[in-house]
Structures are given as structure tokens and as C-alpha cells.
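Chemist: Have a look at the structure that comes next, please.
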């Protein structure tokens, strides 16, 4: 169908997911060694090596007010995302996934906006429901600019 898009649901908390276009997700990999940055906010977990790149790794849940949990390699993954606004400065970054991201085909009628719920952070562009699952659509402009500021 022409009104369908391939998307990825990335679990960032037990009952919370990010909804991203499939084309934005370069790869999903298991959690690996994280090298700390000096003097960064707690939502920036550090950097990880991926295909010759040092990627900043973020915890979207912590950024948007969720609880920070101890990193457990079992069941945790990293979704490597392509940057769309400043790829020359920050080509990719990683998002901590508390589980396995799931491919989802979404049609226009499948997604409903939650206009009645207030968005509590600039990193969230909108809140949606898809097939009885709620998801955050991230504000990529905000995320990328925030990462550039704290990691450069």
C-alpha cells in the first residue's frame, strides 16, 4: 500500500517506545563496552565503537524524565540512528534499547495522535498509539543539537 511506512519501535522503558522510520535506523546491535565522556549530562551514557565510528550513546528515557537504571547487558541493545540535520558533525548516534526493537508496518489509519496528553520534554515531537501500543516520536532536531553541544 502506498500509505504504509516501515517503522521501528525501540523500547526505551518497560511501557514506553520510540517510533522511528526504518530508514533512520542504520543497525541494531547488542550492548557493548561504553567509554565515558567527561562532564556530560546523565542521559549521555558515553560512546561506543561501531564500524570505525565513536558514537555517542543516549538513554532517551533518562533525557525525558525517566528513571536511570543500571545497565544490564542481557536484553539491552543499541539502535544506531542516522543523523538527519548535521551529518557532517554527527553522522550517527546510539539509543539505548531495553529489549529488541521491532519492525512495524504502519498505515495512516493505524496511527492516532494523543493530542490530549501534554508532552513533557522538547525531545518528544508527539505521542501516538499504534495497534494498542503507545510510542513517542522523537524531536530529532532537538536530540541532534543537544548531542552536538554536550559531546563536542
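Numbering (my numbering), first residue to last: 1 to 152. For every residue, glycine included, the Cβ atom is placed at its ideal position computed from N, Cα and C. Note that the coordinates shown come from a computational prediction; the quantities given were computed from them, not determined experimentally.
What residue from 130, 99 and 41 has the CA that sits closest to residue 30's CA?
Modeler: By one-based count along the chain shown, residue 30 stands at place 30. Checked all of 130, 99 and 41; the closest Cα to residue 30 is 99.
Chemist: Within the continuous beta strand (DSSP E) that includes residue 4, where are the two ends?
Modeler: Numbered from its first residue, the chain shown carries residue 4 at position 4. Unbroken beta strand (DSSP E) run through residue 4: 4 to 13.
Chemist: Please report the straight-line C-alpha distance between residue 109 and residue 91, rounded to a whole angstrom.
Modeler: Counting from one through the chain shown, the residue named residue 109 turns up at place 109. Counting from one through the chain shown, the residue named residue 91 turns up at place 91. Each residue's alpha carbon lies about 33 Å from the other.
Chemist: Assuming residue 101 and residue 28 form a contact by the criterion Cβ under 8 Å, report the distance between their Cβ atoms to the nearest whole angstrom.
Modeler: Position 101 of the chain shown, counted from the start, is the residue given in the question as residue 101. Position 28 of the chain shown, counted from the start, is the residue given in the question as residue 28. Going by Cβ atoms, the distance from residue 101 to residue 28 rounds to 5 Å, so yes, they are a contact pair.
Chemist: Buried or exposed: residue 87, going by 16 or more other Cβ atoms within 10 Å of its Cβ?
Modeler: Here residue 87 refers to the residue found at position 87 when the chain shown is read from its first residue. Result: exposed.
Chemist: Can you give me the start and stop residues for the beta strand (DSSP E) that residue 61 sits inside?
Modeler: Position 61 of the chain shown, counted from the start, is the residue given in the question as residue 61. From DSSP, residue 61 is part of no beta strand (DSSP E) but of the alpha helix (DSSP H) over 60 to 63.
Chemist: Tell me the residue span of the alpha helix (DSSP H) that contains residue 146.
Modeler: Here residue 146 is taken as the residue at index 146 of the chain shown, counted from 1. Note, residue 146: alpha helix (DSSP H), 140 to 151.
Chemist: Give the C-beta separation of residue 34 and residue 48 to the nearest angstrom, bearing in mind that I take them to be a contact with Cβ-Cβ under 8 Å.
Modeler: If you number the chain shown from 1, residue 34 lands on position 34. If you number the chain shown from 1, residue 48 lands on position 48. 6 Å between Cβ atoms; contact.
Chemist: Got a sec, what are the start and stop residues for the beta strand (DSSP E) residue 94 sits in?
Modeler: Walking along the chain shown from the start, residue 94 turns up at place 94. Here the beta strand (DSSP E) through residue 94 covers 92 to 98.
Chemist: Under 8 Å between the Cβ atoms of residue 36 and residue 46?
Modeler: The count along the chain shown starts at 1 and reaches residue 36 at position 36. The count along the chain shown starts at 1 and reaches residue 46 at position 46. Yes.
Chemist: CA-CA distance, residue 144 and residue 111?
Modeler: Residue mapping note: residue 144 aligns to position 144 of the chain shown, counting from 1. Residue mapping note: residue 111 aligns to position 111 of the chain shown, counting from 1. So the alpha carbons of these two residues sit roughly 25 Å apart.
Chemist: For residue 114, collect the residues of the same chain with a Cβ closer than 8 Å to its Cβ; drop the 5 residues on either side in sequence, then sort them by chain order.
Modeler: Reading the chain shown from its first residue, position 114 is the one you call residue 114. These residues qualify, in order along the chain: 126, 127, 128, 129 and 134.
Chemist: Helix, strand or coil: how does DSSP classify residue 36 here?
Modeler: Here residue 36 refers to the residue found at position 36 when the chain shown is read from its first residue. In the structure shown, residue 36 sits in coil (DSSP, three-state: anything other than H, G, I, E or B).
Chemist: Buried or exposed: which applies to residue 152, given that a residue is buried once 16 or more other Cβ atoms fall within 10 Å of its Cβ?
Modeler: What you label residue 152 is simply residue 152 of the chain shown in a count that begins at 1. So residue 152 counts as exposed.
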